[in-house]
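Per mature numbering (1 follows the signal peptide of the UniProt record, and there is no 0): the sequence shown = residues -33 to -1, 1 to 461.
By construction, the Cβ of each residue, glycine as well, lies at the ideal position given by its N, Cα and C atoms.
The structure appears right after this line, and notes come after that.
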Amino acid sequence: MFFRGSFLSGFCLLKRPLTALLMASLLAAPSFADINLPELGDVSQEGMTPRDEHQVGEAAVIEMRRSGSMMEDPEVTTYINQLGNRLVEANGTSLPFTFFVMNSPEVNAFALPGGFVAVYSGLIGATQHESELAAVMSHEISHVTQHHIARLIDAQRAMPWLTMAAMGLALLASRSGSGDLAMGALAASSGYAIQRQLDFTYAFEQEADRIGMQTLIKSGFDPWAMPTFFDRLQRYNRLVENNAPEFLRTHPVTYKRITDAQERLQDQPYKQVPDSADYLFVRERARVLQSDNKATVDMYKATLAGKRYGNLPAHLYGLALAQSKARDFDGAWLTLQKAHDAFGLARSHPALEYLGGSIRMGQGRYDEAIKLFREGERHFPGSRVLVYGEIDALIAARNYPDALKAAQSAQELYLSDAWLYQRQARIYEAQGQSQQRHRMQAEYYARLNEYGAAVEQLELAQRDPSNDFYLASSIDARLKELQSMRGEDKDKKR
(Lines of atoms letter the chains of each structure in order from A and count residues from 1; the text may use other names and numbers.)
(Lines give C-alpha, C1' and ligand atoms only; values in the text may rest on other atoms or scores of the structure.)
Protein backbone atom coordinates (compact mmCIF):
# COMPACT_ATOMS: atom_id res chain seq x y z
CA MET A 1 0.00 0.00 0.00
CA PHE A 2 1.65 3.20 -1.16
CA PHE A 3 -0.82 5.74 0.24
CA ARG A 4 0.44 5.80 3.80
CA GLY A 5 -0.50 8.00 6.73
CA SER A 6 -3.41 10.36 7.22
CA PHE A 7 -3.75 13.21 4.79
CA LEU A 8 -7.45 12.71 5.53
CA SER A 9 -6.87 14.49 8.82
CA GLY A 10 -6.03 17.56 6.74
CA PHE A 11 -9.07 17.06 4.52
CA CYS A 12 -11.41 16.87 7.47
CA LEU A 13 -10.38 20.33 8.55
CA LEU A 14 -11.82 21.64 5.31
CA LYS A 15 -15.31 20.34 6.19
CA ARG A 16 -16.29 20.39 2.53
CA PRO A 17 -16.91 16.98 0.91
CA LEU A 18 -16.49 18.34 -2.61
CA THR A 19 -13.24 20.07 -1.79
CA ALA A 20 -11.98 16.90 -0.10
CA LEU A 21 -12.73 14.84 -3.17
CA LEU A 22 -11.15 17.32 -5.54
CA MET A 23 -8.01 17.34 -3.44
CA ALA A 24 -7.99 13.54 -3.29
CA SER A 25 -8.34 13.24 -7.03
CA LEU A 26 -5.45 15.56 -7.82
CA LEU A 27 -2.69 14.15 -5.64
CA ALA A 28 -0.85 12.25 -8.35
CA ALA A 29 0.68 13.86 -11.41
CA PRO A 30 2.01 11.37 -14.00
CA SER A 31 4.66 11.38 -16.80
CA PHE A 32 5.95 11.70 -20.46
CA ALA A 33 5.40 10.90 -24.20
CA ASP A 34 3.83 11.97 -27.52
CA ILE A 35 4.86 15.42 -28.79
CA ASN A 36 2.39 15.73 -31.67
CA LEU A 37 -0.98 15.94 -29.95
CA PRO A 38 -3.46 18.81 -30.26
CA GLU A 39 -3.65 21.11 -27.26
CA LEU A 40 -6.64 20.29 -25.10
CA GLY A 41 -6.24 22.80 -22.30
CA ASP A 42 -8.97 25.18 -23.42
CA VAL A 43 -11.71 22.58 -23.22
CA SER A 44 -14.69 23.64 -21.12
CA GLN A 45 -14.11 23.63 -17.37
CA GLU A 46 -17.74 23.29 -16.39
CA GLY A 47 -16.93 20.83 -13.62
CA MET A 48 -14.40 23.09 -11.93
CA THR A 49 -13.81 26.80 -12.49
CA PRO A 50 -10.38 28.46 -12.29
CA ARG A 51 -11.39 29.93 -8.94
CA ASP A 52 -12.35 26.44 -7.72
CA GLU A 53 -8.96 25.17 -8.84
CA HIS A 54 -7.10 27.87 -6.94
CA GLN A 55 -9.17 27.34 -3.77
CA VAL A 56 -8.56 23.60 -3.80
CA GLY A 57 -4.83 23.95 -4.40
CA GLU A 58 -4.43 26.67 -1.80
CA ALA A 59 -6.33 24.64 0.81
CA ALA A 60 -4.03 21.67 0.23
CA VAL A 61 -0.92 23.82 0.55
CA ILE A 62 -2.15 25.34 3.83
CA GLU A 63 -2.73 21.89 5.32
CA MET A 64 0.70 20.66 4.23
CA ARG A 65 2.36 23.73 5.69
CA ARG A 66 0.51 23.21 8.98
CA SER A 67 1.71 19.61 9.07
CA GLY A 68 5.34 20.74 9.12
CA SER A 69 6.20 18.57 6.13
CA MET A 70 7.32 21.47 3.92
CA MET A 71 10.99 22.38 3.67
CA GLU A 72 10.96 26.09 4.44
CA ASP A 73 14.68 26.58 3.94
CA PRO A 74 15.04 29.98 2.24
CA GLU A 75 17.83 28.93 -0.14
CA VAL A 76 16.11 25.84 -1.48
CA THR A 77 12.70 27.52 -1.69
CA THR A 78 14.08 30.61 -3.44
CA TYR A 79 15.93 28.55 -6.04
CA ILE A 80 12.94 26.30 -6.80
CA ASN A 81 10.72 29.33 -7.32
CA GLN A 82 13.29 31.03 -9.56
CA LEU A 83 13.64 27.89 -11.68
CA GLY A 84 9.87 27.38 -11.74
CA ASN A 85 9.19 30.97 -12.79
CA ARG A 86 11.71 30.65 -15.61
CA LEU A 87 9.83 27.59 -16.88
CA VAL A 88 6.43 29.28 -16.45
CA GLU A 89 7.62 32.22 -18.55
CA ALA A 90 8.79 29.83 -21.28
CA ASN A 91 5.47 28.00 -21.09
CA GLY A 92 3.70 31.25 -21.97
CA THR A 93 0.89 30.87 -19.44
CA SER A 94 -0.60 33.83 -17.59
CA LEU A 95 -1.50 31.69 -14.56
CA PRO A 96 0.28 32.64 -11.33
CA PHE A 97 2.38 29.79 -9.92
CA THR A 98 3.76 28.95 -6.49
CA PHE A 99 6.46 26.31 -6.02
CA PHE A 100 7.31 24.64 -2.73
CA VAL A 101 9.52 21.83 -1.47
CA MET A 102 8.48 18.79 0.56
CA ASN A 103 11.09 17.69 3.09
CA SER A 104 11.38 14.01 2.24
CA PRO A 105 13.97 11.71 0.63
CA GLU A 106 11.27 10.37 -1.69
CA VAL A 107 11.95 10.93 -5.39
CA ASN A 108 8.69 12.62 -6.25
CA ALA A 109 6.84 15.74 -7.39
CA PHE A 110 3.19 16.65 -7.85
CA ALA A 111 0.98 19.43 -9.16
CA LEU A 112 -2.10 20.91 -7.52
CA PRO A 113 -4.72 22.87 -9.45
CA GLY A 114 -4.51 26.63 -9.33
CA GLY A 115 -0.77 26.88 -9.98
CA PHE A 116 0.78 25.03 -7.03
CA VAL A 117 3.67 22.66 -7.74
CA ALA A 118 5.54 20.60 -5.14
CA VAL A 119 9.04 19.18 -5.56
CA TYR A 120 10.45 16.71 -3.05
CA SER A 121 13.93 17.31 -1.67
CA GLY A 122 14.68 13.70 -2.63
CA LEU A 123 13.95 14.48 -6.26
CA ILE A 124 16.32 17.45 -6.22
CA GLY A 125 19.05 15.27 -4.79
CA ALA A 126 18.40 12.43 -7.25
CA THR A 127 18.91 14.55 -10.37
CA GLN A 128 22.33 14.61 -11.99
CA HIS A 129 21.79 17.81 -13.96
CA GLU A 130 19.67 20.93 -13.70
CA SER A 131 17.89 20.08 -16.95
CA GLU A 132 16.57 16.88 -15.34
CA LEU A 133 15.00 18.83 -12.49
CA ALA A 134 13.60 21.33 -14.99
CA ALA A 135 12.14 18.43 -17.01
CA VAL A 136 10.09 17.17 -14.08
CA MET A 137 8.92 20.66 -13.15
CA SER A 138 7.95 21.57 -16.70
CA HIS A 139 5.83 18.43 -16.91
CA GLU A 140 4.04 19.29 -13.65
CA ILE A 141 3.50 22.89 -14.83
CA SER A 142 1.85 21.51 -17.98
CA HIS A 143 -0.63 19.49 -15.91
CA VAL A 144 -1.72 22.77 -14.30
CA THR A 145 -1.81 24.95 -17.42
CA GLN A 146 -3.86 22.32 -19.27
CA HIS A 147 -6.37 22.13 -16.37
CA HIS A 148 -6.13 18.35 -16.25
CA ILE A 149 -7.76 18.13 -12.82
CA ALA A 150 -10.71 20.27 -13.90
CA ARG A 151 -11.16 18.18 -17.02
CA LEU A 152 -10.87 14.97 -15.03
CA ILE A 153 -13.61 16.11 -12.68
CA ASP A 154 -15.69 17.33 -15.60
CA ALA A 155 -15.46 13.89 -17.17
CA GLN A 156 -16.77 12.36 -13.94
CA ARG A 157 -19.74 14.68 -13.48
CA ALA A 158 -22.22 12.00 -14.53
CA MET A 159 -21.62 10.56 -11.07
CA PRO A 160 -23.44 12.54 -8.34
CA TRP A 161 -21.02 14.79 -6.46
CA LEU A 162 -21.94 13.41 -3.05
CA THR A 163 -21.37 9.87 -4.20
CA MET A 164 -17.98 10.84 -5.60
CA ALA A 165 -17.11 12.68 -2.39
CA ALA A 166 -18.08 9.69 -0.26
CA MET A 167 -15.97 7.42 -2.43
CA GLY A 168 -12.96 9.71 -2.16
CA LEU A 169 -13.30 10.10 1.60
CA ALA A 170 -13.77 6.37 2.10
CA LEU A 171 -10.65 5.60 0.11
CA LEU A 172 -8.68 8.10 2.14
CA ALA A 173 -10.14 6.95 5.46
CA SER A 174 -9.19 3.35 4.75
CA ARG A 175 -5.58 4.49 4.47
CA SER A 176 -5.43 6.90 7.39
CA GLY A 177 -3.77 4.41 9.73
CA SER A 178 -1.24 6.36 11.79
CA GLY A 179 -3.13 9.62 12.18
CA ASP A 180 0.19 11.41 11.96
CA LEU A 181 -0.54 14.60 10.04
CA ALA A 182 3.09 15.17 9.06
CA MET A 183 3.45 11.71 7.56
CA GLY A 184 0.05 12.09 5.96
CA ALA A 185 1.08 15.31 4.27
CA LEU A 186 4.26 13.67 2.99
CA ALA A 187 2.14 10.85 1.58
CA ALA A 188 -0.21 13.33 -0.09
CA SER A 189 1.56 13.16 -3.43
CA SER A 190 1.60 9.37 -3.32
CA GLY A 191 -2.12 8.94 -4.10
CA TYR A 192 -1.59 5.63 -5.84
CA ALA A 193 -4.90 4.13 -4.76
CA ILE A 194 -6.78 7.32 -5.59
CA GLN A 195 -5.18 7.44 -9.01
CA ARG A 196 -6.40 3.91 -9.70
CA GLN A 197 -9.96 5.14 -9.10
CA LEU A 198 -9.77 8.54 -10.79
CA ASP A 199 -6.96 8.12 -13.27
CA PHE A 200 -5.34 10.67 -15.49
CA THR A 201 -5.99 9.65 -19.05
CA TYR A 202 -3.13 8.65 -21.27
CA ALA A 203 -3.99 11.64 -23.46
CA PHE A 204 -3.37 13.97 -20.51
CA GLU A 205 0.04 12.40 -20.01
CA GLN A 206 0.92 12.77 -23.66
CA GLU A 207 -0.17 16.38 -23.62
CA ALA A 208 1.88 17.18 -20.51
CA ASP A 209 4.88 15.43 -22.08
CA ARG A 210 4.64 17.41 -25.28
CA ILE A 211 4.12 20.81 -23.69
CA GLY A 212 6.69 20.12 -21.00
CA MET A 213 9.29 19.30 -23.63
CA GLN A 214 8.46 22.47 -25.57
CA THR A 215 8.88 24.42 -22.35
CA LEU A 216 12.31 22.88 -21.78
CA ILE A 217 13.45 23.89 -25.26
CA LYS A 218 12.13 27.45 -24.96
CA SER A 219 13.71 27.93 -21.54
CA GLY A 220 17.14 26.87 -22.78
CA PHE A 221 17.37 23.51 -21.02
CA ASP A 222 18.28 20.18 -22.58
CA PRO A 223 15.06 18.40 -23.70
CA TRP A 224 16.94 15.09 -23.78
CA ALA A 225 17.05 15.31 -19.97
CA MET A 226 13.40 14.27 -19.84
CA PRO A 227 13.70 10.73 -21.29
CA THR A 228 17.21 10.35 -19.84
CA PHE A 229 16.10 10.93 -16.25
CA PHE A 230 13.12 8.63 -16.47
CA ASP A 231 15.12 5.93 -18.18
CA ARG A 232 17.60 6.06 -15.31
CA LEU A 233 14.77 5.73 -12.78
CA GLN A 234 13.36 2.78 -14.70
CA ARG A 235 16.71 1.01 -14.75
CA TYR A 236 17.15 1.67 -11.02
CA ASN A 237 13.70 0.21 -10.40
CA ARG A 238 14.61 -2.91 -12.34
CA LEU A 239 17.79 -3.38 -10.28
CA VAL A 240 16.13 -2.64 -6.94
CA GLU A 241 12.95 -4.65 -7.20
CA ASN A 242 9.97 -3.65 -5.02
CA ASN A 243 11.78 -0.46 -4.04
CA ALA A 244 10.81 1.80 -6.92
CA PRO A 245 11.24 5.54 -6.50
CA GLU A 246 7.95 7.08 -5.42
CA PHE A 247 7.88 9.06 -8.65
CA LEU A 248 7.51 5.86 -10.68
CA ARG A 249 4.66 4.69 -8.47
CA THR A 250 2.67 7.88 -8.88
CA HIS A 251 3.94 8.76 -12.37
CA PRO A 252 3.92 5.46 -14.32
CA VAL A 253 6.50 5.60 -17.10
CA THR A 254 6.65 2.94 -19.79
CA TYR A 255 9.65 2.17 -21.95
CA LYS A 256 7.45 2.86 -24.97
CA ARG A 257 6.84 6.41 -23.82
CA ILE A 258 10.54 6.96 -23.18
CA THR A 259 11.36 5.59 -26.61
CA ASP A 260 8.69 7.76 -28.24
CA ALA A 261 10.14 10.85 -26.58
CA GLN A 262 13.64 9.94 -27.75
CA GLU A 263 12.44 9.40 -31.31
CA ARG A 264 10.68 12.75 -31.39
CA LEU A 265 13.86 14.48 -30.30
CA GLN A 266 15.94 13.07 -33.13
CA ASP A 267 15.61 16.31 -35.08
CA GLN A 268 16.65 18.39 -32.07
CA PRO A 269 20.38 19.19 -32.14
CA TYR A 270 22.16 18.13 -28.97
CA LYS A 271 23.31 21.08 -26.90
CA GLN A 272 25.19 20.59 -23.66
CA VAL A 273 23.65 22.88 -21.05
CA PRO A 274 25.96 23.61 -18.10
CA ASP A 275 24.49 23.38 -14.62
CA SER A 276 24.18 26.67 -12.77
CA ALA A 277 26.08 27.15 -9.52
CA ASP A 278 22.72 27.82 -7.85
CA TYR A 279 21.54 24.32 -8.79
CA LEU A 280 24.76 22.61 -7.74
CA PHE A 281 24.75 24.18 -4.27
CA VAL A 282 21.01 23.74 -3.72
CA ARG A 283 21.19 20.07 -4.74
CA GLU A 284 23.77 19.44 -2.02
CA ARG A 285 21.78 21.51 0.47
CA ALA A 286 18.63 19.47 -0.18
CA ARG A 287 20.58 16.22 0.25
CA VAL A 288 22.04 17.34 3.58
CA LEU A 289 18.88 18.85 5.10
CA GLN A 290 16.84 15.68 4.54
CA SER A 291 19.53 13.33 5.88
CA ASP A 292 20.99 11.98 9.11
CA ASN A 293 23.84 14.19 10.34
CA LYS A 294 26.65 11.72 11.12
CA ALA A 295 25.91 9.36 8.22
CA THR A 296 25.87 12.29 5.80
CA VAL A 297 29.26 13.56 6.98
CA ASP A 298 30.73 10.06 6.55
CA MET A 299 29.22 9.76 3.06
CA TYR A 300 30.69 13.06 1.91
CA LYS A 301 34.11 12.22 3.33
CA ALA A 302 34.11 8.80 1.66
CA THR A 303 33.07 10.11 -1.76
CA LEU A 304 35.56 12.97 -1.45
CA ALA A 305 38.40 10.53 -0.68
CA GLY A 306 37.40 8.35 -3.62
CA LYS A 307 36.93 11.38 -5.88
CA ARG A 308 33.39 10.23 -6.65
CA TYR A 309 31.78 13.62 -7.11
CA GLY A 310 30.56 15.68 -10.01
CA ASN A 311 31.55 19.15 -8.83
CA LEU A 312 34.27 19.70 -6.21
CA PRO A 313 33.15 23.13 -4.84
CA ALA A 314 29.56 21.92 -4.42
CA HIS A 315 30.72 18.66 -2.85
CA LEU A 316 32.90 20.49 -0.34
CA TYR A 317 29.99 22.83 0.36
CA GLY A 318 27.80 19.80 1.09
CA LEU A 319 30.39 18.38 3.48
CA ALA A 320 30.75 21.73 5.27
CA LEU A 321 26.96 22.01 5.59
CA ALA A 322 26.72 18.44 6.94
CA GLN A 323 29.47 19.16 9.47
CA SER A 324 27.69 22.33 10.53
CA LYS A 325 24.42 20.46 10.92
CA ALA A 326 26.28 17.91 13.09
CA ARG A 327 27.57 20.90 15.13
CA ASP A 328 31.19 20.38 14.13
CA PHE A 329 31.50 24.09 13.41
CA ASP A 330 35.30 24.21 13.44
CA GLY A 331 35.52 21.38 10.91
CA ALA A 332 32.78 22.99 8.83
CA TRP A 333 34.67 26.30 8.71
CA LEU A 334 37.84 24.63 7.47
CA THR A 335 35.94 22.67 4.82
CA LEU A 336 34.12 25.82 3.71
CA GLN A 337 37.46 27.56 3.08
CA LYS A 338 38.41 24.65 0.80
CA ALA A 339 35.08 25.10 -1.02
CA HIS A 340 35.88 28.79 -1.50
CA ASP A 341 39.30 27.91 -2.89
CA ALA A 342 37.86 25.30 -5.26
CA PHE A 343 35.16 27.70 -6.45
CA GLY A 344 37.71 30.42 -7.15
CA LEU A 345 39.25 33.09 -4.96
CA ALA A 346 38.20 35.81 -7.40
CA ARG A 347 34.51 35.04 -6.98
CA SER A 348 32.04 33.70 -4.46
CA HIS A 349 28.40 32.68 -4.23
CA PRO A 350 25.52 33.55 -1.86
CA ALA A 351 25.35 29.91 -0.71
CA LEU A 352 28.99 30.02 0.43
CA GLU A 353 28.54 33.41 2.13
CA TYR A 354 25.34 32.32 3.90
CA LEU A 355 26.91 29.10 5.16
CA GLY A 356 29.93 31.03 6.42
CA GLY A 357 27.74 33.38 8.44
CA SER A 358 25.67 30.46 9.74
CA ILE A 359 28.80 28.62 10.91
CA ARG A 360 30.04 31.70 12.76
CA MET A 361 26.62 31.96 14.42
CA GLY A 362 26.91 28.33 15.48
CA GLN A 363 30.26 29.18 17.06
CA GLY A 364 28.68 32.07 18.93
CA ARG A 365 30.80 34.58 17.00
CA TYR A 366 27.89 36.84 16.18
CA ASP A 367 29.81 39.97 15.26
CA GLU A 368 31.77 38.04 12.64
CA ALA A 369 28.55 36.47 11.36
CA ILE A 370 26.91 39.89 10.98
CA LYS A 371 29.96 41.18 9.14
CA LEU A 372 29.94 38.17 6.76
CA PHE A 373 26.24 38.55 5.99
CA ARG A 374 26.58 42.28 5.35
CA GLU A 375 29.60 41.80 3.09
CA GLY A 376 27.65 39.13 1.24
CA GLU A 377 24.73 41.52 0.75
CA ARG A 378 27.07 44.09 -0.79
CA HIS A 379 28.39 41.54 -3.26
CA PHE A 380 24.97 39.96 -3.92
CA PRO A 381 22.34 42.67 -3.35
CA GLY A 382 19.57 40.50 -4.79
CA SER A 383 20.07 37.65 -2.30
CA ARG A 384 17.24 37.69 0.21
CA VAL A 385 18.71 34.75 2.14
CA LEU A 386 21.67 36.92 3.19
CA VAL A 387 19.20 39.52 4.49
CA TYR A 388 17.56 36.80 6.58
CA GLY A 389 21.00 35.79 7.82
CA GLU A 390 21.87 39.31 8.95
CA ILE A 391 18.57 39.69 10.83
CA ASP A 392 18.95 36.27 12.48
CA ALA A 393 22.52 37.05 13.52
CA LEU A 394 21.45 40.40 15.02
CA ILE A 395 18.68 38.64 16.95
CA ALA A 396 21.14 36.01 18.20
CA ALA A 397 23.46 38.84 19.29
CA ARG A 398 20.49 40.45 21.08
CA ASN A 399 20.94 43.60 19.04
CA TYR A 400 17.19 44.01 18.69
CA PRO A 401 17.06 47.66 17.52
CA ASP A 402 19.34 46.95 14.54
CA ALA A 403 17.57 43.67 13.84
CA LEU A 404 14.22 45.47 13.68
CA LYS A 405 15.67 48.20 11.50
CA ALA A 406 17.10 45.60 9.08
CA ALA A 407 13.79 43.72 8.91
CA GLN A 408 11.76 46.88 8.29
CA SER A 409 14.21 48.05 5.64
CA ALA A 410 13.98 44.72 3.82
CA GLN A 411 10.21 44.88 4.10
CA GLU A 412 10.16 47.99 1.93
CA LEU A 413 11.58 45.86 -0.89
CA TYR A 414 9.67 42.65 -0.17
CA LEU A 415 6.18 43.70 0.93
CA SER A 416 4.64 40.25 0.71
CA ASP A 417 7.45 38.37 2.47
CA ALA A 418 5.83 36.50 5.35
CA TRP A 419 9.17 35.48 6.88
CA LEU A 420 10.20 39.10 7.48
CA TYR A 421 7.06 39.61 9.56
CA GLN A 422 7.78 36.41 11.47
CA ARG A 423 11.26 37.67 12.30
CA GLN A 424 9.81 40.96 13.54
CA ALA A 425 7.47 38.95 15.76
CA ARG A 426 10.52 37.19 17.25
CA ILE A 427 12.22 40.54 17.87
CA TYR A 428 9.19 42.01 19.66
CA GLU A 429 8.78 38.83 21.70
CA ALA A 430 12.41 39.04 22.83
CA GLN A 431 11.78 42.66 23.87
CA GLY A 432 8.65 41.73 25.81
CA GLN A 433 6.34 43.69 23.48
CA SER A 434 3.56 41.12 23.21
CA GLN A 435 1.04 43.38 21.49
CA GLN A 436 3.45 44.13 18.65
CA ARG A 437 4.42 40.46 18.52
CA HIS A 438 0.80 39.41 17.95
CA ARG A 439 0.42 42.14 15.34
CA MET A 440 3.45 40.97 13.35
CA GLN A 441 2.46 37.32 13.69
CA ALA A 442 -0.95 38.24 12.28
CA GLU A 443 0.71 39.77 9.22
CA TYR A 444 2.80 36.63 8.82
CA TYR A 445 -0.35 34.46 8.73
CA ALA A 446 -2.17 36.93 6.47
CA ARG A 447 0.54 36.63 3.82
CA LEU A 448 0.16 32.87 3.91
CA ASN A 449 -3.62 33.31 3.40
CA GLU A 450 -4.27 31.91 6.88
CA TYR A 451 -6.86 34.55 7.69
CA GLY A 452 -8.39 32.71 10.66
CA ALA A 453 -5.04 32.48 12.43
CA ALA A 454 -4.32 36.12 11.57
CA VAL A 455 -7.60 37.24 13.12
CA GLU A 456 -6.85 35.24 16.28
CA GLN A 457 -3.49 36.98 16.64
CA LEU A 458 -5.03 40.43 16.31
CA GLU A 459 -7.75 39.55 18.82
CA LEU A 460 -4.97 38.60 21.24
CA ALA A 461 -3.30 41.93 20.47
CA GLN A 462 -6.56 43.75 21.22
CA ARG A 463 -6.81 42.13 24.65
CA ASP A 464 -3.23 43.10 25.47
CA PRO A 465 -3.27 46.36 27.50
CA SER A 466 -1.47 49.22 25.82
CA ASN A 467 -1.16 52.94 26.30
CA ASP A 468 -0.41 53.50 22.62
CA PHE A 469 -3.65 54.87 21.15
CA TYR A 470 -2.37 54.86 17.56
CA LEU A 471 -1.16 51.25 17.78
CA ALA A 472 -4.49 50.14 19.25
CA SER A 473 -6.37 52.00 16.49
CA SER A 474 -4.27 50.41 13.74
CA ILE A 475 -4.87 46.96 15.25
CA ASP A 476 -8.65 47.57 15.31
CA ALA A 477 -8.65 48.73 11.68
CA ARG A 478 -6.51 45.82 10.48
CA LEU A 479 -8.68 43.34 12.39
CA LYS A 480 -11.77 44.53 10.52
CA GLU A 481 -9.93 44.12 7.21
CA LEU A 482 -8.81 40.59 8.01
CA GLN A 483 -12.24 39.59 9.34
CA SER A 484 -13.69 40.72 6.02
CA MET A 485 -11.02 38.79 4.10
CA ARG A 486 -11.71 35.69 6.19
CA GLY A 487 -15.42 35.98 5.42
CA GLU A 488 -14.74 36.30 1.70
CA ASP A 489 -12.39 33.32 1.87
CA LYS A 490 -15.08 31.21 3.55
CA ASP A 491 -17.64 32.23 0.94
CA LYS A 492 -15.32 31.14 -1.86
CA LYS A 493 -14.96 27.68 -0.34
CA ARG A 494 -18.70 27.05 -0.04
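Backbone secondary structure at residue i - three-state DSSP
{"i": "V86", "result": "strand"}
{"i": "R163", "result": "With a pLDDT of 39 at R163, under the threshold of 50, the modelled position of this residue cannot be trusted; read the value that follows with caution. Reduced to three states, the DSSP call for R163 is helix."}
{"i": "V23", "result": "helix"}
{"i": "M38", "result": "coil"}
{"i": "M15", "result": "coil"}
{"i": "T94", "result": "coil"}
{"i": "P348", "result": "coil"}
{"i": "N48", "result": "helix"}
{"i": "T60", "result": "coil"}
{"i": "L382", "result": "coil"}
{"i": "R359", "result": "Note on residue identity: the sequence assigns Asp, not Arg, to residue 359. Helix."}
{"i": "E417", "result": "coil"}
{"i": "R202", "result": "helix"}
{"i": "P194", "result": "helix"}
{"i": "G454", "result": "helix"}
{"i": "F340", "result": "helix"}
{"i": "Q389", "result": "helix"}
{"i": "G187", "result": "coil"}
{"i": "Q113", "result": "coil"}
{"i": "R33", "result": "helix"}
{"i": "A364", "result": "coil"}
{"i": "Q400", "result": "coil"}
{"i": "Q330", "result": "coil"}
Residues that residue i bridges to, as DSSP identifies them
{"i": "A76", "result": "V86"}
{"i": "T182", "result": "Looking at the DSSP assignment, T182 forms no beta bridge with any residue, so it has no partner."}
{"i": "F67", "result": "A85"}
Expected contact under 8 Å - CB spacing of residue i and residue j to nearest Å
{"i": "Q402", "j": "S433", "result": "5 Å"}
{"i": "Y87", "j": "M69", "result": "5 Å"}
{"i": "D189", "j": "V111", "result": "About 23 Å separates the two Cβ atoms, so there is no contact after all."}
{"i": "A421", "j": "L438", "result": "Actually they do not touch by this definition, with Cβ atoms about 17 Å apart."}
{"i": "A253", "j": "H96", "result": "Between H96 and A253 the Cβ distance is about 15 Å, and since that is not below 8 Å, they are no contact."}
{"i": "A281", "j": "F248", "result": "6 Å"}
{"i": "E20", "j": "I116", "result": "7 Å"}
{"i": "residue 470", "j": "I394", "result": "No statement about residue 470 is possible, as the shown extent of the chain runs from -33 to 461 and does not include it."}
{"i": "P426", "j": "L446", "result": "Here residue 426 turns out to be Glu, not Pro, going by the sequence shown. Indeed, because the Cβ distance is near 7 Å, the residues count as touching under 8 Å."}
{"i": "F340", "j": "G329", "result": "In fact, because the Cβ distance is near 14 Å, the residues do not count as touching under 8 Å."}
{"i": "D265", "j": "I225", "result": "Not really, about 35 Å apart at Cβ, beyond 8 Å."}
{"i": "L50", "j": "A101", "result": "6 Å"}
{"i": "Y284", "j": "A306", "result": "5 Å"}
{"i": "G323", "j": "L303", "result": "6 Å"}
{"i": "A175", "j": "Q113", "result": "7 Å"}
{"i": "L288", "j": "E251", "result": "7 Å"}
{"i": "I85", "j": "F67", "result": "Going by the sequence as given, residue 85 is Ala instead of Ile. With a Cβ gap of about 6 Å, A85 and F67 count as contacting."}
{"i": "A428", "j": "R406", "result": "5 Å"}
Residue-chain proximity (residue i, chain C), Cβ-Cβ < 8 Å
{"i": "L90", "result": "In the displayed structure, chain C is absent; only one protein chain is listed."}
Any beta strand (DSSP E) of 3 or more consecutive residues that is wholly inside the region 224 to 276: none
Inter-stretch contact (C-beta, 8 Å, three-pair minimum) for the region 71 to 78 and the region 377 to 397: no
Contiguous beta strand (DSSP E) assignments of at least 3 residues, all confined to the region 292 to 316: none
Segment contact, 8 Å Cβ cut-off, at least three pairs: the region 28 to 37 with the region 46 to 56: no
Cβ pair count under 8 Å reaching 3, the region 353 to 362 against the region 329 to 345: yes
Contained beta strand (DSSP E) runs [length at least 3] in the region 403 to 450, N- to C-terminal order: none
Segment contact flag, the region 22 to 29 with the region 223 to 237, C-beta cutoff 8 Å, min 3 pairs: no
Given 8 Å, three or more beta-carbon pairs between the region 34 to 47 and the region 348 to 357: yes
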